[in-house]
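Remarks on the structure that follows.
Residue numbers (our numbering): 1099 to 1402.
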């Protein structure tokens, strides 16, 4: 019995498929299957029932799983205590939003590259619900998302907050216009779709303000929301600091609302059972580098 065999068994059992477990451990599926088979031979018990389309834990496998988890936790504690200078290498799959991708993430990748030159960062840009599912399934090592996770499998930690404001084209509304219930009823709202972590705070704000949103135009792209708002197709709530170059160029105007929009929390998420040093180091690097006030370089280059 070896730790690699136990690790192969644990991730195959918790992630649900040999293929995803092999990807998580950076081995081929055949290597993972061999390690599990060797463990079964060593223990004299089948740990997976392979008779169906998907391998299911046998009673022996179910009984073994919490004990393997305890052994892997102990291994991680030993490594963390005795190997502070451990080399971090391989690949790290990180989920981010479009806002992250166009603000702090490039600086994060550069900083990680300097500190861990043997580590490759593989980003995936997406919406909160999609990224949560990928972290939960082990396809992503971690992610930075908005909203609060409802999954018991995920650990969720607030690491940044962003101020949002209502914005419109100056052709639609004047700067400083107060959006009360009557005015809100006159304008379509261009907003992120329900899979975004921004949909929930928008609905909570509308409920608290007693506002009935006349029409919501859902969109999966921050860039497209901005373009539609600049074109005067509706109003939108956007990261205040992020869009200031467009406000200065009089492409957007900032509006007011009573009550004001809430501050939006951004959270670092990972699987609760993922205690690898890789994820701990990435969390520390994200906390060090995350800065949503960094300008979009494409806008700042033309804003003078």
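Each residue gets a CB set at the ideal place from its N, CA and C atoms; glycine is no exception. The structure presented is a predicted model; accordingly, all values stated were derived computationally and were not measured.
I'd like the list of long-range same chain contacts for residue i, defined as Cβ closer than 8 Å, with 5 residues on each side in sequence excluded.
i, result
"residue 1317", "1288, 1289, 1290, 1291, 1323, 1326"
"residue 1215", "none"
"residue 1102", "1133"
"residue 1272", "1351"
"residue 1155", "1111, 1145, 1146, 1147, 1163"
"residue 1310", "1279, 1282, 1283, 1304"
With DSSP as the reference, identify every bridge partner of residue i, one or two as the case may be.
i, result
"residue 1352", "1265"
"residue 1337", "1262"
"residue 1347", "None; residue 1347 has no bridge partner."
"residue 1290", "1317"
"residue 1365", "1243, 1256"
"residue 1276", "1354"
"residue 1359", "None, per the DSSP bridge assignment."
"residue 1146", "1155"
For residue i, collect the residues of the same chain with a Cβ closer than 6 Å to its Cβ; drop the 5 residues on either side in sequence, then sort them by chain order.
i, result
"residue 1314", "1287, 1289"
"residue 1263", "1338, 1352"
"residue 1385", "1257"
"residue 1295", "1226, 1243, 1244, 1245"
"residue 1208", "none"
"residue 1099", "1140"
I'd like to know whether the C-beta atoms of residue i and residue j end up nearer to each other than 8 Å.
i, j, result
"residue 1239", "residue 1380", "yes"
"residue 1390", "residue 1257", "no"
"residue 1334", "residue 1265", "yes"
"residue 1370", "residue 1377", "no"
"residue 1229", "residue 1166", "no"
"residue 1145", "residue 1107", "yes"
"residue 1244", "residue 1364", "yes"
"residue 1124", "residue 1231", "no"
"residue 1361", "residue 1298", "no"
"residue 1191", "residue 1213", "no"
"residue 1111", "residue 1142", "no"
"residue 1210", "residue 1382", "no"
"residue 1270", "residue 1330", "yes"
Quick one: what's got a C-beta closer than 7 Å to residue i's C-beta in the same chain, skipping five residues either side?
i, result
"residue 1113", "1119, 1122, 1235, 1236"
"residue 1233", "1193, 1240, 1241, 1252, 1367, 1368, 1369"
"residue 1349", "1328"
"residue 1373", "1171, 1174"
"residue 1268", "1348, 1351"
"residue 1320", "1196, 1197"
"residue 1332", "1285, 1286, 1287, 1288, 1315, 1326"
"residue 1202", "1387, 1388, 1389, 1390, 1392"
* To do: Tell me the start and end of each unbroken beta strand (DSSP E) in the stretch 1302-1332 that is at least 3 residues and wholly inside, in chain order.
  => 1314-1317
* Asked: If you scan the stretch 1173-1257 from start to end, which runs of the beta strand (DSSP E) of 3 or more residues do you find wholly inside it?
  -> 1188-1194, 1217-1223, 1240-1244
* **Cβ contact check for the stretch 1355-1369 and the stretch 1297-1306: 3 or more pairs under 8 Å** => With the cut-off at 8 Å, the stretch 1355-1369 and the stretch 1297-1306 touch.
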